[in-house]
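Asker:
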Amino acid sequence: MDNRQPIAILNGAIITADGEYSCRTISLEECKKLIQSAPEIISAVGHKATAEIITDLLDREVALNRINFHQEAGQQALVFKLNRRPPEGIILSRDEIEAFGYQFQLLSRHS
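For our numbering, count along the sequence shown from 1 and bump the result up by 1218.
1) Counting along the chain, where does the alpha helix (DSSP H) carrying Ile1272 start and finish?
2) Mind checking which residues open and close the alpha helix (DSSP H) that includes Ile1253?
3) Contact between the region 1277-1284 and the region 1312-1321 is defined here as three or more beta-carbon pairs at a separation below 8 Å; is this criterion met?
4) What whole-angstrom Cβ distance do Arg1284 and Gly1264 have, given they're in contact under 8 Å?
5) Apart from the five residues on each side of it in sequence, which residues of its chain come closer than 7 Å, Cβ to Cβ, to Ala1235?
6) Please state whether DSSP places Ala1291 in a helix, a strand or coil.
7) Under three-state DSSP, which class holds Ile1309?
8) Less than 8 Å between the beta carbons of Tyr1239 and Leu1325, yes or no?
9) Quick check on this structure: which residue in Gly1307, Pro1257 and Gly1237 has the alpha carbon closest to the alpha carbon of Ile1225?
10) Could you give the DSSP three-state label for Ile1232: helix, strand or coil?
Structure below.
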């Protein structure tokens, strides 16, 4: 992947354009390395508690930013994925997110 592109941070794995993608679970340590080597980050995290947790975990400010993100070919995105789906219409608190559990994934668009 082209490491000159900004890396995106998402609070869900979404396919934003036609193309070929890969997605794999990665460790927190790998996330931190990717963030440190990225020329820029783009937050597309749409929930305040999630942005706060990611900020704490990555030791880098991840803003609440409800945008329509479009992943470009060659661009990577870090995905913060809850281990289970919350009930419909519920906005989780930080404590509730911690109780659900989570993992990080690397979503790469190849073409």
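Glycine included, each C-beta is placed from N, C-alpha and C at the ideal position.
Answerer: On the basis of the coordinates in this document:
1) Lys1266 to Leu1276 is the span of the alpha helix (DSSP H), which, as asked, contains Ile1272.
2) If you look at Ile1253, you'll find it in the alpha helix (DSSP H) that goes Leu1246 to Ser1255.
3) These segments do not touch.
4) Arg1284 to Gly1264, Cβ: 4 Å. Contact.
5) Within the same chain, Ala1235 has close Cβ partners His1288 and Gln1289.
6) Reduced to three states, the DSSP call for Ala1291 is coil.
7) Note: Ile1309 maps to coil in three-state DSSP.
8) Between Tyr1239 and Leu1325, the C-beta gap is smaller than 8 Å, which places the two residues in contact.
9) Answer by Cα proximity: Pro1257.
10) Assignment of Ile1232 by DSSP, reduced to helix, strand and coil, places it in the coil class.
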